[in-house]
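**Student:** Residue numbers (this note's numbering): 324 to 427. One structure, pasted below without further comment.
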């Protein structure tokens, strides 16, 4: 696990950073053994753990120019007809065959 810390050395200088440790106790022990006085320590969550795996996979999927052109043409026509943008996006995403455009 990763931990973000704030600590002071023997001369009183403030040190901050991120360190890897098996648990909170191990992180504190590592800082103390490095002659630091621990002021604060908190676990940092991995950003990738919070992401939806479906959306992460879609982020790497390329949108074909033809699909994007059709999507924007449909969107433009519906907006020109005076439809609300949210409704236009819902309809256009339902009608597309491209999974990435449908999900986003």
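No residue lacks a Cβ here, since even glycine has one placed at the ideal position from N, Cα and C.
1) DSSP has residue 367 in a bridge; who is on the other side?
2) Return the residue from the list 326, 415 and 419 that minimises the CA-CA distance to residue 368.
3) So, helix, strand or coil for residue 401, using DSSP?
4) Identify the residues that DSSP records as bridge partners of residue 337: which are they?
5) Quick one: what's got a C-beta closer than 8 Å to residue 341's C-beta in the same chain, skipping five residues either side?
**Tutor:** Taking the structure as given:
1) Along the chain shown, read from residue 1 onward, the residue named residue 367 stands at position 44. DSSP lists 325 as partners of residue 367.
2) For the purposes of this step, residue 368 is taken as residue 45 along the chain shown, with counting starting at 1. It is 326 whose Cα lies nearest to the Cα of residue 368.
3) Your numbering for residue 401 matches position 78 in the chain shown. If DSSP states are grouped into helix, strand and coil, residue 401 belongs with the helices.
4) Here residue 337 refers to the residue found at position 14 when the chain shown is read from its first residue. Residue 337 pairs with 331.
5) Within the chain shown, the letter at position 18 stands for residue 341. 325, 326, 327, 328 and 367, listed in sequence order.
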